[in-house]
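Novice: Residue numbers (the working numbering): -6 to 394.
#1: Could you compute how far the alpha carbon of residue 155 sits from the alpha carbon of residue 110?
#2: Which of helix, strand or coil does DSSP assign to residue -4?
#3: The beta strand (DSSP E) that contains residue 101, what's its start and end?
#4: Enumerated in chain order, which unbroken segments of the alpha helix (DSSP H) with a length of 4 residues or greater are wholly contained in the region 358 to 389?
#5: Grab me the residues of residue 59's own chain with a C-beta within less than 7 angstroms of its C-beta, minus the 5 sequence neighbours each way, in chain order.
#6: Would residue 288 pass as a contact of residue 259 if the rule is Cβ separation under 8 angstroms?
#7: Tell me where the beta strand (DSSP E) around residue 292 begins and ends.
#8: What residues in its chain sit with their C-beta under 7 angstroms from that of residue 186, if we drop five residues either side in the sequence?
#9: Which of the three DSSP states, helix, strand or coil, is assigned to residue 261?
#10: Can you tell me where the beta strand (DSSP E) with residue 312 in it begins and where it stops?
#11: Can you tell me whether DSSP reads residue 329 as helix, strand or coil?
#12: Under the DSSP definition of a beta bridge, which residues are partnered with residue 214?
#13: Give the range of the alpha helix (DSSP H) segment to which residue 44 is assigned.
#14: Which residue marks the beginning of the alpha helix (DSSP H) containing residue 188, and which one marks its end?
#15: Just to confirm the assignment: which complete alpha helix (DSSP H) runs, minimum length 4, are found wholly within the region 57 to 81?
#16: Check residue 344 in the structure and name its three-state DSSP category.
#17: For the alpha helix (DSSP H) that contains residue 29, what are its first and last residues?
#18: Kindly indicate which residue of 66, 375 and 265 has the alpha-carbon position closest to the one of residue 88.
#19: Taking the Cβ atom as the reference point for each residue, do residue -1 and residue 55 lie within a distance shorter than 8 angstroms?
#20: When the Cα atoms are used, what is the spatial distance from residue 137 to residue 10?
#21: Does the region 347 to 365 touch the region 295 to 315, meaning 3 or more C-beta pairs lie closer than 8 angstroms?
#22: Can you round the beta-carbon distance between residue 296 and residue 257 to whole angstroms, since I take them to be within the 8 angstroms contact cut?
#23: When we look at the beta-carbon of residue 360 and count the other beta-carbons within 10 Å, is it buried (16 or more) or exposed?
#24: Under a Cβ-count criterion, where at least 16 other Cβ atoms within 10 Å of its own Cβ denotes burial, should residue 235 be classed as buried or exposed?
#25: Opposite residue 284 in the DSSP bridges: which residues?
#26: Rounded to whole angstroms, what is the Cα-Cα separation between residue 293 and residue 270?
#27: Report the CB separation of residue 20 from residue 319 in whole angstroms; it is logged as a contact under 8 angstroms.
#28: Residue 20 lies in the alpha helix (DSSP H); which residues open and close that run?
#29: Since residue 13 and residue 29 should fall inside the 8 angstroms C-beta cutoff, what is the C-beta to C-beta distance between them, to a whole number of angstroms?
#30: Around the Cβ of residue 265, are there at least 16 other Cβ atoms within 10 angstroms (buried) or fewer (exposed)?
#31: Would residue 222 and residue 241 qualify as a contact pair, given that the criterion is a beta-carbon distance under 8 angstroms?
#32: I'd like to check one pair, residue 95 with residue 84: are the Cβ atoms closer than 8 angstroms?
#33: Just to confirm my understanding: we take residue 17, look at its own chain, exclude 5 residues before and 5 after, and list those with CB closer than 8 angstroms. What are they?
#34: Where does residue 1 land, buried or exposed, given buried means 16+ other C-beta within 10 angstroms?
#35: Report yes if the C-beta distance between residue 107 and residue 373 is below 8 angstroms; otherwise report no.
#36: Please state the DSSP three-state secondary structure of residue 356.
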């Protein structure tokens, strides 16, 4: 089996890669029957030389490889027919801007495996960059707080080498006695929590958070049943919420009343109540001053997120009364950080972490007849057709949706 580490061609440039040179060496040692070729790249966070120095072939031409490993969407013109491709295709939610990409994949008889569709039997994702989105998102929020309050001026995350450097920057500043709310229970929220814990910010219970004033900064991490409640008053379990979101309403405003800095690290499921609406943000009980929206669902469950922001220009202001964007330095602005590609700011760490997961969950499937069914579940296209699991995309491909 011959694998290619392909060049990232999307704009703006993405410096991440599926395997770092050291991790690729580990793969080769574990699976000597696998061979790897590196497509030449001048933007990758690890230089071509570092791969060469470990004995890997670097070439402009990887067309002799069977499996192409990338991170972001491959431009249609760069797709090589009759190959297996792994990348984030951004097609499984019928994203209109990538319809042509999926059409081309079928026309070129490519087997597409989307990193997002590499899941357990339960549907839980096995690989991704979520942890790094949480790490950078939390840091960016603190950076935005310092700029808004004119109290510190942290460097941009993208200018620092790794998570350790981000933590060192944060440990060098003194925080006011603010209350920080973190939503979520997955990789994104856990990544953000790593940063809060590294800064020795005290974690408190929901009851303490809502009812106690503190003489130090504190945070509270909450899950779906903390910020949603059943309409009939029953308290059941998370599974009931996931299966019957229509039976719930938001209970988030009790947190909004006492929160200064909100880190949105949750996964929002279709049909779930919005955490807060534009009307909620107008309320006198809404006291959130800054939102680091790592989940970044636009004009949805976090009403202040009216557009994604960029690594180049990560912060904007939301004016609750007019429901419009304003300068984040305006006294009436709720500060919003909603960068939608946060892991790109930490390409070295993100690539190393991603490779660890890819080696653990995906590579073995090529050499054990896919005994866990990982590849079978992840495969979107085969023989110029959608696989059974992804037949729902046919109307999207045909241009009917």
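Each residue gets a CB set at the ideal place from its N, CA and C atoms; glycine is no exception.
Specialist: With the given structure in hand:
#1: In the chain shown, residue 155 corresponds to position 162, counting from 1. In the chain shown, residue 110 corresponds to position 117, counting from 1. C-alpha separation (whole angstroms): 28 angstroms.
#2: Start at 1 with the first residue of the chain shown, and residue -4 comes out as number 3. Three-state DSSP puts residue -4 in a strand.
#3: Looking up residue 101 in the chain shown gives position 108. Careful: residue 101 lies outside any beta strand (DSSP E) and carries neither H nor E.
#4: Those alpha helix (DSSP H) runs which fall completely within the region 358 to 389 and span 4+ residues are 367 to 371.
#5: Along the chain shown, one-based indexing puts residue 59 at 66. Closer than 7 angstroms at the Cβ level, and outside the excluded window around residue 59, lie -6, -5, 76 and 77.
#6: Along the chain shown, read from residue 1 onward, the residue named residue 288 stands at position 295. Along the chain shown, read from residue 1 onward, the residue named residue 259 stands at position 266. In this structure, residue 259 lies closer than 8 angstroms to residue 288 by Cβ.
#7: By 1-based counting over the chain shown, the position of residue 292 is 299. For residue 292, there is no enclosing beta strand (DSSP E), since its DSSP letter is neither H nor E.
#8: Numbered from its first residue, the chain shown carries residue 186 at position 193. If we look at residue 186 and ignore the five residues flanking it on each side, its Cβ neighbours are 175 and 214.
#9: Residue mapping note: residue 261 aligns to position 268 of the chain shown, counting from 1. Secondary structure of residue 261 (DSSP, three-state): coil.
#10: Taking the chain shown and counting its residues from 1, one reaches residue 312 at position 319. Its beta strand (DSSP E) spans residues 308 to 312.
#11: Position 336 of the chain shown, counted from the start, is the residue given in the question as residue 329. Residue 329 falls in the strand class under three-state DSSP.
#12: Looking up residue 214 in the chain shown gives position 221. 175.
#13: To locate residue 44, count along the chain shown from 1; it is residue 51. 41 to 46 is the span of the alpha helix (DSSP H), which, as asked, contains residue 44.
#14: Sequence index remark: in the chain shown, residue 188 carries index 195 (1-based). Its alpha helix (DSSP H) spans residues 180 to 191.
#15: The region 57 to 81 contains no whole alpha helix (DSSP H) run of 4 or more residues.
#16: Stepping through the chain shown from its first residue, residue 344 is reached at position 351. Of the three classes helix, strand and coil, the one that applies to residue 344 here is helix, per DSSP.
#17: Within the chain shown, numbered from 1, the residue matching residue 29 stands at position 36. Following the DSSP letters along the chain, one finds residue 29 in no alpha helix (DSSP H) but inside the beta strand (DSSP E) bounded by residues 28 to 32.
#18: Walking along the chain shown from the start, residue 88 turns up at place 95. It is 66 whose Cα lies nearest to the Cα of residue 88.
#19: Reading the chain shown from its first residue, position 6 is the one you call residue -1. Reading the chain shown from its first residue, position 62 is the one you call residue 55. Cβ atoms of residue -1 and residue 55: closer than 8 angstroms.
#20: The residue labelled residue 137 in the question sits at position 144 within the chain shown. The residue labelled residue 10 in the question sits at position 17 within the chain shown. The alpha-carbon atoms of residue 137 and residue 10 are separated by roughly 28 angstroms.
#21: Segments in contact, no.
#22: Within the chain shown, residue 296 is the residue found at index 303, counting from 1. Within the chain shown, residue 257 is the residue found at index 264, counting from 1. Contact between residue 296 and residue 257 fails: their C-beta atoms lie close to 11 angstroms from each other, not under 8 angstroms.
#23: For this step, residue 360 is matched to residue 367 along the chain shown. With fewer than 16 other Cβ atoms within 10 Å, it is exposed.
#24: If you number the chain shown from 1, residue 235 lands on position 242. Result: exposed.
#25: Reading the chain shown from its first residue, position 291 is the one you call residue 284. For residue 284, the pairing in a beta bridge is given by DSSP as 255 and 329.
#26: As a working note, residue 293 is residue 300 in the chain shown. As a working note, residue 270 is residue 277 in the chain shown. Looking at the backbone, the Cα of residue 293 and that of residue 270 are separated by about 8 angstroms.
#27: Within the chain shown, the letter at position 27 stands for residue 20. Within the chain shown, the letter at position 326 stands for residue 319. Actually they do not touch by this definition, with Cβ atoms about 49 angstroms apart.
#28: By 1-based counting over the chain shown, the position of residue 20 is 27. 14 to 23 is the span of the alpha helix (DSSP H), which, as asked, contains residue 20.
#29: In the chain shown, residue 13 corresponds to position 20, counting from 1. In the chain shown, residue 29 corresponds to position 36, counting from 1. The Cβ separation is near 12 angstroms, so there is no contact.
#30: If you number the chain shown from 1, residue 265 lands on position 272. Per the 10 Å Cβ criterion, buried.
#31: Here residue 222 refers to the residue found at position 229 when the chain shown is read from its first residue. Here residue 241 refers to the residue found at position 248 when the chain shown is read from its first residue. A contact, by the Cβ cut-off of 8 angstroms.
#32: The sequence position of residue 84 within the chain shown is 91, counting from 1. The sequence position of residue 95 within the chain shown is 102, counting from 1. Going by C-beta atoms, residue 84 is nearer than 8 angstroms to residue 95.
#33: In the chain shown, residue 17 corresponds to position 24, counting from 1. Excluding sequence neighbours, residue 17 sits near -2, 29, 44, 47, 49 and 348.
#34: Position 8 of the chain shown, counted from the first residue, corresponds to residue 1. Burial call: buried.
#35: As a first step, residue 107 is located in the chain shown; it is residue number 114 there, counting from the start. As a first step, residue 373 is located in the chain shown; it is residue number 380 there, counting from the start. Yes, the Cβ-Cβ distance between residue 107 and residue 373 is below 8 angstroms.
#36: Residue numbering aside, residue 356 sits at position 363 when the chain shown is read from its first letter. Residue 356 falls in the helix class under three-state DSSP.
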